[in-house]
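In my numbering, the protein residues as written are 653 to 721.
Single-structure report; data block below.
In structure tokens form, the structure reads like this:
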């Protein structure tokens, strides 16, 4: 359990520090699984705004659309 908390903290710190689109996307997906949709939406939006040419921007748009349903 302790290692899970450490890994989760590392992921969240990476996401909050403007990580790569892949890291942000993986964190957003994790947040969705944890039913923290508000934070997931923030991360998906960050990907779209800051990395519009990334493949993860398109994936993020799809996830945002799904969350709005």
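Beta carbons are placed, not taken as given, at the ideal position from N, Cα and C, and that holds for glycine.
Item                                                                                                                                          : Value
State buried or exposed for residue 715, treating a residue as buried only when at least 16 other CB atoms are found within 10 Å of its CB.   : buried
Assuming residue 679 contacts residue 690 under a Cβ cut-off of 8 Å, what Cβ separation, rounded to an integer in Å, is found between them?   : Contact doesn't hold; Cβ gap of about 13 Å is too wide.
Can the beta-carbon of residue 676 be found less than 8 Å from the beta-carbon of residue 705?                                                : no
According to the neighbour-count rule (16 or more other Cβ atoms, all chains shown, within 10 Å of its Cβ), is residue 717 buried or exposed? : exposed
For my contact list, residue 719 and residue 692 are in at a C-beta cut-off of 8 Å; report their separation, rounded to the angstrom.         : 7 Å
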